[in-house]
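Take the sequence shown: its position 298, counting from 1, is numbered 297 in numbering that gives the first Met the number 0, and each next residue is one higher.
Below you'll find the structure, written out as structure tokens, and then a few comments.
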Amino acid sequence: MSFTTRLWYQGHKAYWLLLPLAWLYGVVTALRRMLFRSGITPQLKVKAPVIVVGNISIGGTGKTPFTLLLCDTLRKQGWKPGIVSRGYGADIKAPILVRPEVATSAEVGDEPLLLAQRSGCPVVVCPDRVAAAHFLLQHTHCNIIVSDDGLQHYRLARDVEIVLIDGSRGLGNGQLLPAGPLREGAWRLKQVDLVVANSQPYAQADGVMQLKAATAKALCSEARLTPGPVTLVAGIGNPQRFERTALAAGFTVTARHYFADHHKFSAADFAGIHGPVLMTEKDAVKCRAFARADWFSLGVDAVLDSPLQQKLNTILTNLRSSYGT
């Protein structure tokens with residue numbers, strides 16, 4: 000267990016030493032929000048509705064599977080969704096349209112590449128999400144934009160805000176960075192349109208999203224892996240949730256090797272790791288170039304409970320009405 004996990008989620012008292020920095024962080028972010036809300040720093044609106052999917056904490060909350068479900072729901076309602084993302088971990092200076100058949104995670108980021116591969120939607124990456132959104136509308140046929148992890152990117156005006164929370168970990172000690180895991184305070188949840196709790200109920204959430212395991216697929220062939228003993232490898236924000244998903248799917252964990260979120264895997268990382276190896280899809284996109292035959296990825300699909308699905312449908316119906324489509 001990492002020190003930050005103990006500090007933020009396990010009641011470690013050392014977070015008190017970081018409170019002055021957290022207060023400074025809070026002042027800076029509050030001033031930034033004030034500039035946007037007062038109009039001193041303008042929000043820029045693009046020629047399409049924008050749905051932001053994000054969180055108020057750092058670490059994995061299930062944004063990627065939810066974004067995939069959201070895009071599928073939008074298509075069923077007649078929309079043509081496109082996705083904009085920062086491209087975390089990649090050196091991106093200008094908008095890039097992700098080409099899933101040739102792009103690498105080093106070029107565009109692991110999550111955007113996975114979204115492009117699984118969603119079938121156009122994905123554009125750029126730290127400037129306004130530029131990414133304009134590029135997306137100019138070069139594709141999409142008519143609605145999903146901004147991945149864009150809650151705090153206030154420069155891009157939005158029509159709908161959706162926040163995900165890890166139901167098992169909640170908001171940790173409730174402190175702002177670096178004393179706690181929060182980018183913004185819990186008060187922010189009252190301002191968004193939908194709060195989704197991943198895996199377990201959460202008091203301030205509108206409902207629960209469960210992650211259902213798909214078939215485990217080989218990284219370098221068409222082989223499938225039936226449930227049995229595996230070594231888990233993960234470089235995600237909450238590897239324990241991935242382990243719970245693997246166990247629920249019937250796998251037995253004989254060893255586990257957890258790396259930092261967005262870890263840039265190399266073949267050397269797997270020295271001494273014996274297969275069969277089971278990893279997340281997000282990690283798999285970084286490992287295919289040097290994968291061995293007994294390496295597999297376990298995909299997940301998001302399933303919303305009935306109240307959450309109904310509220311999401313209502314939000315999207317109202318959005319369509321407001322745009323007269």
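All C-beta atoms in this analysis are idealised placements derived from N, C-alpha and C, irrespective of residue type, glycine included.
The structure displayed is predicted, hence computed values, not measured ones.
The continuous beta strand (DSSP E) containing residue 53 extends over residues 49–53.
Rounded to the nearest angstrom, the gap between the Cα atoms of residue 107 and residue 263 is 13 Å. In the three-state scheme derived from DSSP, where H, G and I count as helix and E and B as strand, residue 13 is classed as helix.
Residue 228 sits in a strand when the DSSP states are folded into three classes. Under a 10 Å Cβ-count criterion, residue 134 is classified as buried, with 16 or more other Cβ atoms of the shown protein chains found around its own Cβ.
For residue 121, the closest of 140, 252 and 248 by C-alpha to C-alpha distance is 140.
Per the Cβ contact rule, the stretch 40–58 is not in contact with the stretch 276–285 (fewer than 3 Cβ pairs under 8 Å). The distance from the Cβ of residue 234 to that of residue 258 is about 4 Å, consistent with a contact at the 8 Å cut-off. Below 8 Å, too few C-beta pairs join the stretch 177–186 and the stretch 140–149 to call them touching: fewer than three. Taking the Cβ atoms as the reference, residue 206 lies roughly 5 Å from residue 304, within the contact range of under 8 Å. A buried status is given to residue 78, since no fewer than 16 other beta-carbon atoms sit within 10 Å of its beta-carbon.
In the same chain as residue 68, and ignoring 5 residues on each side of it, the C-beta atoms closer than 6 Å to its own belong to 301, in chain order. In this structure, the alpha-carbon of residue 187 lies about 42 Å from that of residue 290.
With fewer than three CB-CB distances shorter than 8 Å, the stretch 219–227 does not count as touching the stretch 191–202.
Between the beta-carbon of residue 244 and that of residue 299 there is about 6 Å, and that keeps the pair under the 8 Å contact cut. Restricting attention to beta strand (DSSP E) runs no shorter than 3 residues, the stretch 106–189 encloses them at 122–124, 143–147 and 159–165, ordered along the chain. Judged by pairs of C-beta atoms under 8 Å, the stretch 80–99 touches the stretch 111–125, as three or more such pairs exist. Our two residues, residue 249 and residue 225, have alpha carbons roughly 9 Å apart in a direct line. Using a 10 angstroms sphere on the CB of residue 253, the tally of other CB atoms stays under 16, which defines it as exposed. Note that the C-beta distance between residue 157 and residue 129 is not below 8 Å. With contacts defined as CB atoms closer than 8 Å, residue 59 and residue 260 qualify as a contacting pair. Residue 209: not part of any alpha helix (DSSP H); member of the beta strand (DSSP E) spanning 206–217, first to last residue. Nearest in C-alpha terms to residue 239, of all of 49, 165, 27 and 17, is 165. Boundaries of the alpha helix (DSSP H) harbouring residue 314: 305–321, taken from the DSSP string. The straight-line gap separating the alpha-carbon atoms of residue 293 and residue 213 is approximately 18 Å. For residue 80, DSSP records a beta bridge to 143.
Between residue 172 and residue 7, the CB-CB gap stays under 8 Å.
Sorting 76, 104 and 199 by C-alpha distance to the C-alpha of residue 84 places 104 at the top. Taking a C-beta distance under 8 Å as the contact criterion, residue 109 and residue 88 qualify as a contact pair.
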